[in-house]
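S.K.: Starting off with a structure, shown below.
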Amino acid sequence: MAAFGKILGSAAGFAIGGPLGAIAGLALGHLVDKRRAPPAVAKATRNRAGPWRRSSVDVQTAFAVAFVTLAAKLSKVDGRVTRDEIDALKRVVSFPDDARAEVGAIFDAAKADATGFEPYARQIASIVRSDLVMLEQILAGLVQIAAADGTYHSGERHFIRRVAREFGFSPEHCMRIEHTSDPHAVPDEENPYEILGVSRDATDEEVRKAYRRIIKDFHPDRLMAKGMPEEFHKLGAKKTSEANIAFDRIKKERCLS
Numbered sequence: 066m067a068a069f070g071k072i073l074g075s076a077a078g079f080a081i082g083g084p085l086g087a088i089a090g091l092a093l094g095h096l097v098d099k100r101r102a103p104p105a106v107a108k109a110t111r112n113r114a115g116p117w118r119r120s121s122v123d124v125q126t127a128f129a130v131a132f133v134t135l136a137a138k139l140s141k142v143d144g145r146v147t148r149d150e151i152d153a154l155k156r157v158v159s160f161p162d163d164a165r166a167e168v169g170a171i172f173d174a175a176k177a178d179a180t181g182f183e184p185y186a187r188q189i190a191s192i193v194r195s196d197l198v199m200l201e202q203i204l205a206g207l208v209q210i211a212a213a214d215g216t217y218h219s220g221e222r223h224f225i226r227r228v229a230r231e232f233g234f235s236p237e238h239c240m241r242i243e244h245t246s247d248p249h250a251v252p253d254e255e256n257p258y259e260i261l262g263v264s265r266d267a268t269d270e271e272v273r274k275a276y277r278r279i280i281k282d283f284h285p286d287r288l289m290a291k292g293m294p295e296e297f298h299k300l301g302a303k304k305t306s307e308a309n310i311a312f313d314r315i316k317k318e319r320c321l322s
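Spelled out as structure tokens, the structure:
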């Protein structure tokens, strides 16, 4: 199910609470000012920053707000927001045209917020129960946005690695995500094993298990069941496509059937 286009002003949006709820509230307030929404809606914007309970949070809504919020925080690393970064956000997240105002409002609210990224990263990690598959999609998307201007700068790399640490990723896992997600990275044609997350001396069965795990974990139906908005499914599709190519190369290399 799509998430963007109905976050602000929806029951799911109001239920987020916590730091992400505060950002959604600021974004809605911005839209209220622009659209002159009724007083009841304006009043609702003040209720977004309260305490949150995982049981009441719509995962799709929280995931969407968290990604845009972290993307906005990332954009501040080099002190400016470029058109390339905004365009990259639109490419990574396939939101409909009628959701552009909503996405822009969330992005602007997070960009203007002086709070560090940590509270938002911790809240979304808690909401998805530290599911590394879900959180990997956020990191992969952030890397694509960071590299949108043609260079993955050291400041951006440091920011993303700090987010990864908050999510619970090992440094090695984060580096693997960076390497496979940066569209400008020179692919290591000699190491398809990195894409599958195994060493070159892994057994045939270990390679097969790693491949099957990726195909299973990143299947669109499985991601949707976990609460990932459909706008983000292209990230999962990229992961499975890379795994298919890597596994085919390993099969040829090892003469596997």
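All residue numbers for the sequence shown refer to my numbering, where the first residue is 66 and numbers rise by one. Virtual Cβ for every residue (Gly too), placed ideally from N, Cα, C.
#1: What did DSSP end up calling LYS141 once you bin it into helix, strand or coil?
#2: Could you round the C-beta distance between ASP269 and ARG222 to whole angstroms and report it? I think they count as a contact, below 8 Å.
#3: What is the rounded straight-line gap between the Cα of ARG111 and the Cα of LEU85?
#4: Could you tell me the distance, in whole angstroms, from the CA atom of ALA174 to the CA atom of ALA89?
#5: With contact counted as at least three CB pairs below 8 Å, one residue from each stretch, are the stretch 292-307 and the stretch 124-143 in contact?
#6: Helix, strand or coil for LEU321 per DSSP?
#7: Could you pull the start and end residues of the alpha helix (DSSP H) that GLY220 belongs to?
#8: With contact counted as at least three CB pairs below 8 Å, one residue from each stretch, are the stretch 132-140 and the stretch 174-190 in contact?
#9: Quick one: Cα of LYS141 to Cα of GLY220, how far?
#10: Go ahead and pull the three-state DSSP assignment for ILE260.
#11: Under 8 Å between the Cβ atoms of ASP162 and HIS218?
#12: Check whether the Cβ atoms of ALA275 and VAL263 lie closer than 8 Å to each other.
#13: Could you give the first and the last residue of the continuous alpha helix (DSSP H) run that contains ILE81?
#14: Along the chain, where does the alpha helix (DSSP H) containing HIS244 start, and where does it finish?
#15: Can you find the residues in the same chain that come closer than 7 Å, C-beta to C-beta, to ALA212, ignoring five residues on each side of it along the sequence?
#16: Looking at C-alpha atoms only, which residue of GLU296, ALA164, ASP266 and ILE315 is the closest neighbour of ILE203?
#17: Have a look at GLU231, LYS304, ALA170 and GLY215 and flag the residue whose alpha-carbon is nearest the alpha-carbon of GLU259.
#18: Figure out for me which residue from ASP313, PHE132, ASP152 and ILE171 has the closest Cα to the Cα of ALA87.
M.R.: According to the structure shown:
#1: In this structure, LYS141 counts as coil in the three-state DSSP scheme.
#2: The beta carbons of ASP269 and ARG222 sit about 34 Å from each other, so the pair does not count as a contact at 8 Å.
#3: With a pLDDT of 48 at ARG111, under the threshold of 50, the modelled position of this residue cannot be trusted, and the question is left open.
#4: 8 Å
#5: yes
#6: coil
#7: 219-232
#8: yes
#9: Going by C-alpha positions, LYS141 is about 10 Å away from GLY220.
#10: helix
#11: no
#12: yes
#13: Run containing ILE81: none; DSSP gives neither H nor E here.
#14: 236-246
#15: ASP247, PRO248 and HIS249
#16: GLU296
#17: LYS304
#18: ILE171
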